[in-house]
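Just so you know, the protein sequences line up as chains A and B, in that order. Here numbering that gives the first Met the number 0 is used: the first residue of the first sequence is 0, the next is one more, and so on. Here numbering that gives the first Met the number 0 is used: the first residue of the second sequence is 0, the next is one more, and so on. Even for Gly, the Cβ is constructed at its ideal location relative to N, Cα and C.
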Amino acid sequence: MMAERSSVFPFKEALAYCTRSIRVRFLRVLMIMISIVLGVAFMVWLLTWSHLVSVLGVSVGKEVQAYGLWVALLSLIICGIGIVNSTLMAVYERYGEIGTLKCLGAIDSHILKIFVLESFLLGLIGGVIGAFAGWGIAVLWCGMMAGFPPELEAATIQTLVYVGEAIAIAVLLAVAASAYPAYRAAKLNPADALRKVV
Amino acid sequence: MSAPTPAPASERYAYVVETENLKKYYFMGSVVIKALDGVNVYVKRGEYVSIMGPSGSGKTTFFNMIGGLDSPTEGKVYIDNVDIAKLDAYELAWLRCRKIGYIFQTFNLIPVLTALENVELPMIFAGVKKEDRLKKAEALLRRVGLGDRLHHKPTELSGGQQQRVAIARALANDPVIVLADEPTGNLDLHTGLDIINLLRELNRERNTTIITATHDLKMIDISDRIIYIRDGRVRRIETRAEIKVSYVV
């Protein structure tokens with residue numbers, strides 16, 4: 000009967016919608032991003048620093064290294080919890096928007112697409128900023144301690160892989176942490192979503 | 000006066016909305032709240048129908064049922080002769096996108112988008128191309144009198160202007176039905192009148208069926224039929240002729 004009839008939400012449009020959302024809500028979004036930036040910066044700093052000091056032969060205790068890794072892990076977990084909470088809040092505030100979008104023809108997966116894409120972008124931007132910040136600090140600090148020897152350049156390029164890893168982790172973390180709140184939001188029926196508007 | 004019986008099958012294709020023994024009960028522990036308790040209503044194509052009743056009468060619940068925004072506890076809703084309970088999520092979304100336009104008391108515009116983009120949104124879901132969308136959105140906004148406010152965000156528009164954008168948006172995909180839930184609820188007397196007149200003009204121009212849930216008495220003058228609801232049931236149905244007669248006397 001009406002089997003082939005469905006509504007669409009092309010990727011280009013979804014992306015435009017999400018970037019506009021982020022741009023307008025920038026200050027709120029900044030809170031989520033700062034936690035990503037700090038968590039990622041710390042992790043990249045730690046990995047880069049440990050690699051550089053071992054290459055350049057600057058002495059640093061083994062215990063510091065192991066302890067540092069735990070702290071980095073912990074900071075990422077806390078960061079993740081923060082993202083879950085912020086996303087829950089953000090999604091709740093946008094229940095009216097979700098209800099309206101469903102009235103205009105959005106299906107559950109379109110709503111999910113919007114929130115996942117927004118988290119992806121936040122993870123990407125926060126990850127890039129945090130990773131390069133942490134990397135930059137580690138390289139400069141280590142370089143200053145060792146007096147900028149020529150081996151530094153090669154070792155620095157090797158550490159860029161940590162930057163890549165960290166960005167990937169930031170994106171994964173942001174998307175995973177917001178997945179459940181986004182899923183719950185997508186499943187709302189329009190009447191309930193609109194009712195919850197204050 | 001009880002609800003009149005619907006016409007024979009041959010005439011029923013003129014019905015764009017029909018409900019059959021519609022019930023919506025909310026179960027809160029041991030208490031049952033009967034928001035709708037057996038509503039039988041039919042609406043013809045091109046009619047302007049007002050659903051009138053006090054707060055808590057079931058108007059908004061009825062609006063949600065016929066708009067496919069919520070499902071009934073019992074009974075059926077037919078939109079263009081299709082039982083909407085039989086539609087899957089995709090088809091329901093298609094229905095909301097193409098066949099029905101919604102107008103709310105609180106306007107419900109997307110705050111981060113401009114007026115033009117708000118009107119474009121339903122067309123995006125309908126898969127319309129960018130150039131066509133823009134042209135149509137602009138034309139609709141001009142029709143409702145906002146040609147010089149295309150790029151304003153909702154926060155930069157007055158209540159009446161926001162409702163006009165909402166009306167333009169509701170018409171974006173040329174729907175068969177426009178459902179309005181208290182469209183003048185958040186507007187002052189004068190602005191409310193403008194909106195009501197605009198809706199009436201559009202109803203005439205496009206032969207779009209308009210169903211309004213309201214307790215605004217200004218709607219009485221322009222409605223083809225008024226369905227009075229109280230405590231989840233239809234109490235009275237008045238047609239235009241009847242209203243005129245009662246006022247003359």
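| Item | Value |
| --- | --- |
| Under the three-state reduction of DSSP, which class applies to Ser157 of chain B: helix, strand or coil? | coil |
| Looking only at C-alpha atoms, which of B:Phe124, B:Leu115, B:Asp131, B:Ile78 sits nearest to Gly144 of chain B? | B:Leu115 |
| Evaluate the contact criterion for the stretch 25-42 of chain B versus the stretch 79-93 of chain B: three or more CB pairs, one atom per stretch, below 8 angstroms. | no |
| Return the chain-ordered list of same chain residues with a C-beta closer than 8 angstroms to the C-beta of Pro53 of chain B, the five sequence neighbours on each side being excluded. | His214, Arg229 |
| So with CB distances below 7 angstroms, who are the chain B contacts of Thr99 of chain A? | Asn107, Ile109 |
| Would you say Val111 of chain B touches the ligand GTP, meaning its beta carbon is less than 7 angstroms from a heavy atom? | In the structure on display, the ligand GTP does not appear, and there are no ligands present to speak of. |
| Taking the beta carbon of Ala181 of chain A as the centre, do at least 16 other beta carbons fall within 10 Å, making it buried, or is it exposed? | buried |
| For Leu86 of chain B, which of helix, strand or coil comes out of DSSP? | coil |
| Counting C-beta neighbours from all protein chains within 10 Å, is the total for Lys223 of chain B 16 or more, i.e. buried, or is it exposed? | This sequence places Asp at residue 223 of chain B; Lys is not what is there. So Asp223 of chain B ends up on the buried side. |
| How would you list, in chain order, the residues of chain A whose beta-carbon sits under 7 angstroms from the beta-carbon of Tyr101 of chain B? | Cys102 |
| If you drop the 5 nearest sequence neighbours on each side, which residues of the same chain put their C-beta closer than 8 angstroms to that of Tyr264 of chain B? | Since the displayed chain B opens at 0 and closes at 248, residue 264 of chain B lies outside it and no answer follows. |
| Taking Cβ-Cβ distances shorter than 7 angstroms, what residues in chain B pair up with Ser118 of chain A? | Under the 7 angstroms cutoff, chain B gives no residues; its nearest Cβ is about 17 angstroms from Ser118 of chain A. |
| For a cutoff of 8 angstroms on Cβ pairs, would you count Asp173 of chain B as touching chain A? | no |
| So is Leu112 of chain B in contact with chain A if we call contact Cβ pairs under 8 angstroms? | yes |
| Which partner residues does Thr238 of chain B have in the DSSP bridge list? | B:Arg224 |
| Is it right to say Asn107 of chain B is buried, meaning 16 or more other beta carbons lie within 10 angstroms of its own, or is it exposed? | buried |
| Which residues of the stretch 6-23 of chain A have a Cβ closer than 7 angstroms to any Cβ of chain B? Give them in chain order. | Ser6, Val7, Phe8, Glu12, Arg19, Ser20, Val23 |
| At a Cβ threshold of 8 angstroms, is Ile106 of chain A touching chain B? | yes |
| Could I get the ranges of all uninterrupted beta strand (DSSP E) runs contained in the stretch 25-59 of chain B, with 3 residues as the minimum, in chain order? | 30-43, 47-51 |
| Provide the residue(s) that pair with Val162 of chain A in DSSP beta bridges, ordered along the chain. | BP columns for Val162 of chain A are empty, so no partner. |
| For Glu96 of chain A, would you say it is in contact with chain B, using Cβ-to-Cβ distances shorter than 8 angstroms as the test? | yes |
| Taking 8 angstroms as the cut-off, does the stretch 124-144 of chain B touch the stretch 174-181 of chain B (at least 3 CB pairs, one atom from each stretch)? | no |
| In chain order, what residues of the same chain have a beta carbon less than 6 angstroms from the beta carbon of Lys101 of chain A, not counting five sequence neighbours either side? | Pro189 |
| Taking Cβ positions only, does Asn84 of chain A come closer than 8 angstroms to chain B? | no |
| Which residue's Cα is closest to the Cα of Cys17 of chain A: A:Gly129, A:Phe119, A:Phe147, A:Leu37? | A:Phe119 |
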